[in-house]
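Chemist:
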Amino acid sequence: MKALEAGGFMENDTVAVFLENSLTVIVPADNPANITSLADLARPDVRLVIGTKDVPFGSYTRQVLDTMAADPAYGAAYRDAVMENVISEETAITTVMPKLTLGEADAAFVYRSDVRPNDRSLVRQIEVPAEYNVVAEYPLGILASSEQKTEAAAFIAFVRGPTGSAVLESYGFDPVP
Numbered sequence: 000m001k002a003l004e005a006g007g008f009m010e011n012d013t014v015a016v017f018l019e020n021s022l023t024v025i026v027p028a029d030n031p032a033n034i035t036s037l038a039d040l041a042r043p044d045v046r047l048v049i050g051t052k053d054v055p056f057g058s059y060t061r062q063v064l065d066t067m068a069a070d071p072a073y074g075a076a077y078r079d080a081v082m083e084n085v086i087s088e089e090t091a092i093t094t095v096m097p098k099l100t101l102g103e104a105d106a107a108f109v110y111r112s113d114v115r116p117n118d119r120s121l122v123r124q125i126e127v128p129a130e131y132n133v134v135a136e137y138p139l140g141i142l143a144s145s146e147q148k149t150e151a152a153a154f155i156a157f158v159r160g161p162t163g164s165a166v167l168e169s170y171g172f173d174p175v176p
């Protein structure tokens, strides 16, 4: 969005972050590996799925692990121990859930919004505390060349209003009013 703003393609006074997303760890609902905390991800018997370093959820996962390793509660070896448990690095989030639900993996880092309502009975979430998590921000704005600026403004008002925010929340996003 910053490039679009800098290039004059946006009505800059309309651009704002409208929602945020962050990472969570998911485990199968029956949790055969008995993973109950983020510390358990460093156990040598855990099979973990993450994103590749070139996709946002993979890059954010590595940032989370780096931040946790800097905390004495986890220790410097935490990141390496967790990364040794990675059995698959995915380029798309859509390939992560099947690996987990088919029993090929014990845990995975995903966006909170990737735990869709119909998946919630299949997995349990282990929240990544805010002090370690990375927040992805999603901006919204009106194109300078838009011929429907009034309609675009109405859509933005809807998305940022109570009804739109409730829909976004139901899908795991954190709306920004």
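If you count by numbering that gives the first Met the number 0, then the sequence shown holds residues 0 to 176, one letter each, in order. The C-beta atom is built at its ideal place from N, Cα and C for all residues, glycine as well.
Is the region 0-13 close to the region 134-148, with three or more CB pairs under 8 angstroms?
Modeler: Yes, since at least three Cβ pairs between the region 0-13 and the region 134-148 fall closer than 8 angstroms, the two stretches touch.
Chemist: Determine, using beta carbons only, whether arginine 159 and phenylalanine 17 come nearer to each other than 8 angstroms.
Modeler: It is a contact, given that the beta carbons lie within the stated cut-off.
Chemist: I need the straight-line Cα distance from alanine 153 to methionine 96, nearest angstrom please.
Modeler: Approximately 35 angstroms, taken between the alpha carbons.
Chemist: Below 8 angstroms on the Cβ atoms is my guess for isoleucine 25 versus valine 109; work out the distance and round it to an integer in Å.
Modeler: About 6 angstroms separates the two Cβ atoms, so the contact holds.
Chemist: With three or more C-beta pairs closer than 8 angstroms as the rule, is the region 119-130 touching the region 82-93?
Modeler: No, the region 82-93 does not touch the region 119-130.
Chemist: Taking only the alpha-carbon atoms, compute the straight-line gap between alanine 76 and alanine 106 and give it to the nearest angstrom.
Modeler: So the alpha carbons of these two residues sit roughly 19 angstroms apart.
Chemist: Mark glycine 171 as exposed unless 16 or more other C-beta atoms lie within 10 angstroms of its C-beta, in which case mark it buried.
Modeler: Flag for glycine 171 reads buried.
Chemist: Around the C-beta of proline 27, are 16 or more other C-beta atoms found within 10 angstroms, so that it is buried, or is it exposed?
Modeler: With 16 or more Cβ atoms within 10 Å of its Cβ, proline 27 is classed as buried.
Chemist: Measuring alpha carbon to alpha carbon, tell me which of Gly163, Leu37, Leu3, Asn20 ends up nearest aspartate 70.
Modeler: Among Gly163, Leu37, Leu3, Asn20, the Cα nearest to that of aspartate 70 belongs to Leu37.
Chemist: Closer than 8 angstroms, CB to CB, is threonine 90 near chain D or not?
Modeler: No chain D appears in the structure shown, which is made up of a single protein chain.
Chemist: Straight-line CA distance for threonine 66 to tyrosine 131?
Modeler: If you take the alpha carbons of threonine 66 and tyrosine 131, they lie about 6 angstroms apart.
Chemist: Quick one: give me the first and last residue of the alpha helix (DSSP H) that proline 27 is part of.
Modeler: First-last for proline 27: 22-27, but that is the beta strand (DSSP E), not the alpha helix (DSSP H).
Chemist: So, is arginine 115 buried or exposed, given that buried needs 16 or more other C-beta atoms within 10 angstroms?
Modeler: The residue in question, arginine 115, is exposed, as its Cβ has fewer than 16 Cβ neighbours within 10 Å.
Chemist: Going residue by residue through the region 29-73, where are the continuous beta strand (DSSP E) segments of at least 3 residues, counting only ones entirely within it?
Modeler: Whole beta strand (DSSP E) segments, 3+ residues: 47-50.
Chemist: Hey, would you say the C-beta of aspartate 29 is under 7 angstroms away from at least one heavy atom of the ligand MN?
Modeler: No copy of the ligand MN appears in this structure; indeed no ligand is present at all.
Chemist: Note down, in chain order, each residue of its chain lying with its Cβ closer than 6 angstroms to the Cβ of isoleucine 141, except the 5 sequence neighbours on either side.
Modeler: Contacts found: Glu10, Thr13, Lys148, Ala151.
Chemist: Measuring only the C-alpha atoms, how far is glycine 50 from aspartate 113?
Modeler: For glycine 50 and aspartate 113, the distance between alpha carbons rounds to 13 angstroms.
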